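J.:
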Amino acid sequence: MFIMPEVHSKALNQTISVNRIVGRIDGEYPGPCLVFLGGIHGNEPSGLFALHQVLKELQPKQNEFSGTMIAISGNLWALERAVRYHKTDLNRLWSQDKIEALENGDLIPENEDEKQQLEIFQLLNTILKEEEGPFYFFDLHTTSSASPPFITVNDSLLNRKFTQQYPVPLILGIEEYLEGPLLSYINELGYVSFGFEAGQHDALSSVENHKIFIYLSLVFTGALAKNAVGFDHYIDHWNTHFPEHQHFYEVYYRLEVKKKERFVMKPGFLNFQTIKRKEVLATLNEQPIYALKKAIIFMPLYQSQGSDGYFLIRKISPFFLLLSEVLRTYKTDRIFVMLPGVKWASELKDTMVVNLRIARLITKQLFHLFGYRSKQKDRTHLIIKNREYKSRIDDYKEEQWYKDSVFENK
Numbered sequence: 073m074f075i076m077p078e079v080h081s082k083a084l085n086q087t088i089s090v091n092r093i094v095g096r097i098d099g100e101y102p103g104p105c106l107v108f109l110g111g112i113h114g115n116e117p118s119g120l121f122a123l124h125q126v127l128k129e130l131q132p133k134q135n136e137f138s139g140t141m142i143a144i145s146g147n148l149w150a151l152e153r154a155v156r157y158h159k160t161d162l163n164r165l166w167s168q169d170k171i172e173a174l175e176n177g178d179l180i181p182e183n184e185d186e187k188q189q190l191e192i193f194q195l196l197n198t199i200l201k202e203e204e205g206p207f208y209f210f211d212l213h214t215t216s217s218a219s220p221p222f223i224t225v226n227d228s229l230l231n232r233k234f235t236q237q238y239p240v241p242l243i244l245g246i247e248e249y250l251e252g253p254l255l256s257y258i259n260e261l262g263y264v265s266f267g268f269e270a271g272q273h274d275a276l277s278s279v280e281n282h283k284i285f286i287y288l289s290l291v292f293t294g295a296l297a298k299n300a301v302g303f304d305h306y307i308d309h310w311n312t313h314f315p316e317h318q319h320f321y322e323v324y325y326r327l328e329v330k331k332k333e334r335f336v337m338k339p340g341f342l343n344f345q346t347i348k349r350k351e352v353l354a355t356l357n358e359q360p361i362y363a364l365k366k367a368i369i370f371m372p373l374y375q376s377q378g379s380d381g382y383f384l385i386r387k388i389s390p391f392f393l394l395l396s397e398v399l400r401t402y403k404t405d406r407i408f409v410m411l412p413g414v415k416w417a418s419e420l421k422d423t424m425v426v427n428l429r430i431a432r433l434i435t436k437q438l439f440h441l442f443g444y445r446s447k448q449k450d451r452t453h454l455i456i457k458n459r460e461y462k463s464r465i466d467d468y469k470e471e472q473w474y475k476d477s478v479f480e481n482k
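With my numbering applied, the sequence shown closes on residue 482, and no number is skipped along the way.
(1) Locate the beta strand (DSSP E) running through D405, then write down its first and last residues.
(2) L120 and G114: beta carbons closer than 7 Å?
(3) For A363 and V336, I'd like the C-alpha separation in whole angstroms.
(4) With a cut-off of 8 Å on the beta carbons, I'd call S118 and V279 a contact; round off their distance for me.
(5) What did DSSP end up calling G381 once you bin it into helix, strand or coil?
(6) May I ask you to list the residues that DSSP assigns as paired with S265?
(7) Restricting to Cα atoms, I'd like to know which of I246, L109, V225 is closest to I199.
(8) Is R164 helix, strand or coil by DSSP?
(9) Give the straight-line distance between the Cα atoms of G267 and K350, rounded to the nearest whole angstrom.
(10) On the three-pair Cβ rule with 8 Å, is the region 243-259 touching the region 276-296?
(11) Given a threshold of 16 other Cβ atoms within 10 Å of its Cβ, counted over all protein chains shown, does Q188 qualify as buried or as exposed?
(12) Just the C-alpha distance for D308 and P315, rounded to the nearest angstrom, thanks.
(13) Would you please state the rounded distance, in angstroms, between the beta carbons of E152 and L165? I believe it to be under 8 Å.
(14) Rounding to the nearest angstrom, what Cα-Cα distance links D450 and T435 in this structure?
(15) So what's D282 in DSSP terms, helix, strand or just coil?
(16) Does T312 pass the burial test, meaning 16 or more other C-beta atoms within 10 Å, or should it be called exposed?
(17) Quick check for students: name the residue ranges of the beta strand (DSSP E) that lie wholly in the region 119-148, counting only runs of 3 or more.
(18) Using three-state DSSP, classify A275 as helix, strand or coil.
(19) Between the C-alpha atoms of F137 and D380, what's the straight-line distance to the nearest angstrom?
(20) Report the three-state DSSP secondary structure of P181 (helix, strand or coil).
(21) Measure the alpha-carbon distance for P390 versus V425 and round it to whole angstroms.
(22) Mind checking L395: buried by the 16 CB within 10 Å criterion, or exposed?
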């Protein structure tokens with residue numbers, strides 16, 4: 073007899089039983105397919121509880137609903153035990169070699185996290201085969217430090233156009249510093265997909281922020297009308313409580329914590345806090361880590377599991393956002409291969425290899441403008457991959473949010 077895992081929320085002092093599919097809403101009318109994933113990290117149950125509540129609240133509104141909403145639980149093994157993961161972070165397993173093994177049926181799970189990955193992979197494939205699009209994927213998270221709600225997004229124009237509807241900070245480029253997040257895999261399939269961070273793991277406000285995000289997403293995708301939910305109230309709530317951080321940011325530094333290293337973050341840092349030059353941020357193997365310059369700290373690590381000590385971010389100028397949109401729309405990136413030290417690394421012409429000894433004047437920031445994110449291949453070579461190439465623009469171009477996007481109407 074199968075017994076559903078039980079998940080506990082400290083914030084709500086409540087325990088619920090969940091299955092892989094938390095629930096679904098099948099609307100009265102055709103429309104988008106929204107897939108929400110909660111709890112890919114087992115110490116982040118807030119999103120699951122928000123989904124559980126929203127699904128109950130939506131039952132009377134099913135005849136007003138367009139399309140389909142599917143809520144999925146993440147790492148069930150870890151959620152039941154309130155730990156981040158078993159042996160390997162489930163949100164770092166979606167690398168190219170792992171995906172190929174999953175697609176070929178060659179993956180033999182070696183731990184509980186890989187078992188979870190296999191189940192989620194199979195379910196996502198089933199959804200993509202059996203449901204009608206356009207598809208939207210939302211990954212619900214929380215942070216170990218106190219934080220306003222924010223969105224992390226792979227930097228494609230499709231993602232930008234959709235996420236700029238939310239009145240919260242938008243963080244671009246974190247995928248450049250992480251290996252194997254689930255959202256990068258889904259972005260490679262070309263769909264709108266991004267992460268939402270609601271606040272601190274066990275804060276009651278995180279559950280509420282997750283609920284607000286879910287309801288706004290239903291409106292922004294056209295699944296529900298504004299008057300079917302408290303749309304204006306939700307927008308006003310976020311505008312009132314978090315007005316100072318509503319910008320685009322980019323990640324430009326990550327402190328990696330390797331296995332067996334002893335990392336301790338200095339207490340008291342908040343997400344988006346400005347840090348001073350020479351300020352002590354943490355200790356690594358009992359040695360202090362100082363800020364090299366004034367910066368904005370992002371996602372400082374205040375939990376025992378995890379390899380991301382902290383990130384540093386900076387605001388992106390609206391001018392450069394618009395410039396990059398123009399450059400990408402007209403596919404001007406083809407000029408790169410005319411430069412010495414740059415050549416195609418893929419027959420699809422979506423990936424280039426850059427010899428840094430020859431192309432010394434080309435910077436990562438320039439690649440970002442043209443829609444490329446880079447990975448260091450070795451000391452002298454970068455692999456850069458175009459985020460626009462696989463975007464399924466045709467799936468979304470008739471959606472209202474796409475038509476309303478700024479550049480499209482110029």
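Ideal Cβ placement from N, Cα and C applies to all residues, glycine included.
Please read all numbers here as calculations on a predicted model, not as lab measurements.
T.: Result, derived from the coordinates:
(1) Taken as a continuous stretch (DSSP letters only), D405 belongs to no beta strand (DSSP E), as it is neither H nor E.
(2) no
(3) 15 Å
(4) 5 Å
(5) When secondary structure is reduced to three states using DSSP, G381 falls in the strand class.
(6) F209
(7) L109
(8) It is helical.
(9) 32 Å
(10) no
(11) buried
(12) 10 Å
(13) About 19 Å separates the two Cβ atoms, so there is no contact after all.
(14) 16 Å
(15) At residue 282 the sequence reads His, which differs from the Asp that was named. In the displayed model, H282 falls within a helix according to three-state DSSP.
(16) Its Cβ having fewer than 16 others within 10 Å, T312 is exposed.
(17) 138-145
(18) coil
(19) 39 Å
(20) coil
(21) Approximately 29 Å, taken between the alpha carbons.
(22) exposed
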